[in-house]
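Student: Here it is, the structure, as structure tokens.
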Amino acid sequence: MLQPSKSTFQIDTKTVAPLMQIEPTSTKDKDRTTNTKASMVRTKKRTVLVDGQFFEIPYFSANGERGIMRRNLTSNIFSKIEEADGGKMGIKELQLYGSGGTEAVDGIKGLNYVEQARLRAINPFISLFGAGLSDMDGKLAICDLAPNIQMSAEEMKKMRFIGMTYGVRFDDTGRQSVLSPLISEDEIASYMKKLEEKRKNDKALYKLEDEVKKLQELDKEDKLSEKQKEELFEKEVKLEEDKKEKGLSYQQVFKAEHINPGIELFSSIAPRAGHTFTELEKSMLLYGLFTLSQQSIGSWGRVGYGRLAWHVKNEDGQTLFKSTPDPRYTFTCHVEWTKEGEEMLKPFDQWLENIKREDLVF
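Counted from 1, the sequence shown has number 339 at position 336 by my numbering; the numbering is strictly sequential.
If you want it as structure tokens, here you go:
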């Protein structure tokens with residue numbers, strides 16, 4: 004009789020700091036709070052139906068989780084190999100293992116099932132994550148980190164899943180916006196008082212700059228009269244003076260969404276249909292989850308965003324490890340391993356201890 008599937012790893016997390024994963028948005032979005040044309044920077048959201056009502060809930064994508072784990076494992080594996088033999092990994096291997104964006108040197112397209120099974124037994128990393136653009140798929144299936152929605156519509160309305168961060172878009176030389184987050188509402192109030200005048204200054208500067216460029220182009224083509232050449236010279240002088248006095252910059256307040264601290268997010272890992280994990284593959288995944296729990300994830304991690312407390316369990320719900328960030332130190336975590344977790348880690352530790360360069364090259 005067929006048995007219902009189980010998640011190999013059950014992952015419970017709680018946001019300790021705001022968590023953001025930026026979603027592309029329209030440049031026509033407006034910030035209604037500040038009544039400016041600043042774009043709303045949105046976090047990823049999905050729509051769910053609860054008690055006949057639609058709600059948007061934020062999440063962190065499974066692709067983001069998978070990508071971080073992949074890069075962390077690649078770094079650990081390659082550093083072990085380079086430390087052992089003193090050589091550097093090639094660009095093909097770096098791309099294949101680090102991002103999955105290419106194939107190995109000789110390619111591995113057209114492998115039949117038996118050949119794939121043999122390669123999976125030799126190379127657990129490729130078995131889990133796949134081999135780039137070839138037909139070698141990865142066994143790994145990950146769910147998005149998302150809130151539990153097993154609650155009533157009234158409870159959903161009370162949940163404050165999403166918070167806001169204010170910041171400034173600016174660039175002092177070109178006109179490409181740069182996000183500078185984390186300014187307080189008091190700073191916004193002060194900044195908004197100056198914003199209108201600054202925009203007038205910037206607009207005048209940009210207009211003058213465009214006029215100068217047009218005249219300069221015509222001058223190169225020898226299409227300016229003497230009077231226009233004098234006008235060009237005067238405008239060039241004025242532009243340089245105005246730049247020094249006011250600074251050629253474009254700024255605007257923006258508002259960015261993030262998942263609030265204190266929100267519980269859940270994920271799980273299981274093999275894709277038709278596959279099963281070996282003990283070594285489970286061990287490698289557990290180590291990948293451990294590395295994931297030790298860092299900030301998502302956007303703006305350098306300013307303290309993306310810190311989570313992790314509780315990773317096996318398919319029977321037994322705890323493997325817990326990792327909780329120390330509130331005093333951004334990059335310090337308190338980790339608790341159980342006996343079950345330590346035992347599961349052993350196959351990967353042994354494999355990594357004895358790995359050789361030829362084990363990863365096709």
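Glycine residues also receive a C-beta, built at the ideal position from the N, C-alpha and C atoms. These numbers come from a predicted model, not from an experiment.
1. Given a threshold of 16 other Cβ atoms within 10 Å of its Cβ, counted over all protein chains shown, does residue 57 qualify as buried or as exposed?
2. Closer than 6 Å: is that where the CB of residue 208 sits relative to any heavy atom of the ligand NAP?
3. Give the secondary structure of residue 339 by DSSP, where H, G and I count as helix, E and B as strand, and everything else as coil.
4. Please classify residue 169: does DSSP put it in a helix, a strand, or coil?
5. How far does the alpha helix (DSSP H) with residue 18 in it extend, from its first residue to its last?
6. Output yes or no for whether 7 Å exceeds the beta carbon distance between residue 142 and residue 155.
7. May I have the straight-line CA-CA distance separating residue 96 from residue 290, to the nearest angstrom?
8. For a quick check, are the C-beta atoms of residue 366 and residue 61 less than 7 Å apart?
9. Taking C-beta to C-beta, are residue 152 and residue 68 nearer than 7 Å?
10. So what does residue 328 bridge to, in DSSP terms?
11. Taking the CB atoms as reference points, tell me whether residue 260 and residue 46 lie closer together than 7 Å.
12. Which residues in the same chain as residue 88 place their Cβ atom closer than 7 Å to its Cβ, once the five residues preceding and following it in sequence are excluded?
13. CA-CA distance, residue 210 and residue 221?
14. Starting from residue 306, trace the alpha helix (DSSP H) both ways and give me its first and last residue.
15. Using CA atoms only, rank isn't needed, just tell me which of 298, 333, 72, 285 is closest to residue 346.
16. Note down, in chain order, each residue of its chain lying with its Cβ closer than 6 Å to the Cβ of residue 294, except the 5 sequence neighbours on either side.
17. Would you kindly work out how many angstroms separate the C-alpha atoms of residue 82 and residue 133, rounded to a whole number?
18. Within this structure, are the beta carbons of residue 12 and residue 272 separated by less than 7 Å?
19. With residue 294 as the anchor, note down where its alpha helix (DSSP H) starts and where it stops.
20. Sorted by chain position, which residues of the same chain lie with C-beta nearer than 7 Å to residue 283's C-beta, five sequence neighbours on each side aside?
21. Within its chain, find whatever has a CB closer than 7 Å to the CB of residue 10; leave out the 5 residues flanking it on each side and keep chain order.
22. Assuming residue 312 and residue 326 form a contact by the criterion Cβ under 8 Å, report the distance between their Cβ atoms to the nearest whole angstrom.
23. Flag this pair as yes or no: are the beta carbons of residue 324 and residue 344 separated by less than 7 Å?
24. With H, G and I counted as helix, E and B as strand and the rest as coil, what does DSSP make of residue 150?
25. How big is the Cα-Cα spacing for residue 348 and residue 331?
26. Within the continuous beta strand (DSSP E) that includes residue 317, where are the two ends?
27. Count the other C-beta atoms from every protein chain shown that fall within 10 angstroms of the C-beta of residue 52, then say buried if there are 16 or more, exposed otherwise.
28. Considering only residues of the same chain and omitting the five flanking positions on each side of residue 29, which have a CB-CB separation below 7 Å?
Tutor: Answer, in terms of the structure:
1. Residue 57 should be labelled exposed.
2. No copy of the ligand NAP occurs in the structure displayed, which carries no ligand at all.
3. In the three-state DSSP reduction, residue 339 falls in the strand class (E or B).
4. For residue 169, the secondary structure class from DSSP, reduced to helix, strand or coil, is strand.
5. For residue 18, there is no enclosing alpha helix (DSSP H); the enclosing beta strand (DSSP E) covers residues 12-18.
6. When the beta-carbon positions are compared, residue 142 and residue 155 stay at least 7 Å from each other.
7. Distance from the CA atom of residue 96 to the CA atom of residue 290, rounded to whole angstroms, is 21 Å.
8. Residue 366 cannot be examined here, being either before or after the span of the chain that is shown, 4 to 365.
9. No, the pair does not count as a contact, with Cβ atoms beyond the cut-off.
10. Residue 328 pairs with 336.
11. Contact flag set, yes.
12. Excluding positions up to five away in sequence, the list reads 360.
13. The straight-line gap from Cα to Cα measures roughly 17 Å.
14. For residue 306, there is no enclosing alpha helix (DSSP H), as DSSP marks it with neither H nor E.
15. For residue 346, the nearest C-alpha among the options comes from 285.
16. Closer than 6 Å at Cβ, skipping near neighbours: 75.
17. Approximately 21 Å between the Cα atoms of the pair.
18. Residue 272 sits close to residue 12, with the two beta carbons spaced by under 7 Å.
19. Start and end: 282-296.
20. Only 127, 350, 351, 354 meet the Cβ criterion.
21. These residues qualify, in order along the chain: 271, 272, 273, 318.
22. A Cβ-Cβ distance of about 7 Å is found for the pair residue 312 and residue 326, placing them in contact under the 8 Å criterion.
23. Result yes, Cβ atoms of residue 324 and residue 344 sit closer than 7 Å.
24. Coil.
25. Approximately 29 Å between the Cα atoms of the pair.
26. Taken as a continuous stretch (DSSP letters only), the beta strand (DSSP E) holding residue 317 covers 311-317.
27. It counts as exposed.
28. Reliability of the predicted coordinates at residue 29 is poor, the pLDDT of 47 falling under 50, and the value obtained from them is presented with this limitation in mind. Around residue 29, the same chain offers no residue with a beta carbon nearer than 7 Å, after the five sequence neighbours per side are excluded.
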